[in-house]
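Residue numbers (the numbering used here): 153 to 317.
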């Protein structure tokens, strides 16, 4: 959550005074702030998208679901990279790069990124917390017997991951 929050702050810090950053004597400061956004991208969102799927899915489906999560993460990264490239093109069609449509400009693109980061912060609250439980405890895989040692049929429809037909 800290990563998304700090990325939001830095994107707004880049977008609001954007004309200030375009002066040649401020380029190094711009690069430093932009680098901090990438530091916090690796500090927070990358951790969320890599470690959290491994913790929240049932052990039985963990590798499959983690692979699906990783695929969607890569798809989102690709859409973000190419989307920013097209959005950052100048609004004035005469100033855009050859082969690109007119975009909304770098400043407005930074605002879009800041809002996306803010949405990421809010979505992080929806991720369930593992609360220090092991995968077996969360998926209730080891609940086949009670305290007395007698076997218990613990496969009711509310404990199964997939419905059995």
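Note that beta-carbon positions come from the ideal geometry of N, C-alpha and C, so glycine has one too.
Output the distance between the C-alpha atoms of residue 160 and residue 188, rounded to the nearest integer angstrom. Spanning the two alpha carbons is a distance of roughly 11 Å.
Residue range of the unbroken alpha helix (DSSP H) whose run includes residue 281: That residue, residue 281, is in no alpha helix (DSSP H); it is neither H nor E in DSSP.
Apart from the five residues on each side of it in sequence, which residues of its chain come closer than 6 Å, Cβ to Cβ, to residue 173? Same-chain partners within the cutoff: 182.
With distance defined between alpha-carbon atoms, name the residue in 204, 158, 241 and 256 nearest to residue 250. It is 241.
Determine whether the beta carbon atoms of residue 236 and residue 265 lie at a separation below 9 Å. One thing to note: residue 236 has its Cβ within 9 Å of the Cβ of residue 265.
Does residue 164 come out as helix, strand or coil in the three-state DSSP assignment? Residue 164 falls in the helix class under three-state DSSP.
Backbone secondary structure at residue 157 - three-state DSSP: Here residue 157 sits in helix by DSSP.
Closest by CA to residue 163, which one among 274, 279, 269 and 277? Distances from the CA of residue 163 to each of 274, 279, 269 and 277 were compared; the closest alpha carbon is that of 269.
By how many angstroms is the C-alpha of residue 209 removed from the C-alpha of residue 193? Between residue 193 and residue 209, the C-alpha separation is close to 23 Å.
Report yes if the CB atom of residue 195 is closer than 9 Å to the CB atom of residue 262, and no otherwise. Not in contact: residue 195 and residue 262 (Cβ atoms no closer than 9 Å).
Express the C-alpha separation of residue 198 and residue 277 in angstroms, rounding to a whole number. Here the alpha carbons of residue 198 and residue 277 stand approximately 16 Å from one another.
Can you list, in chain order, the residues of its chain whose CB lies under 6 Å from that of residue 280, leaving out five sequence neighbours each side? These residues qualify, in order along the chain: 208.
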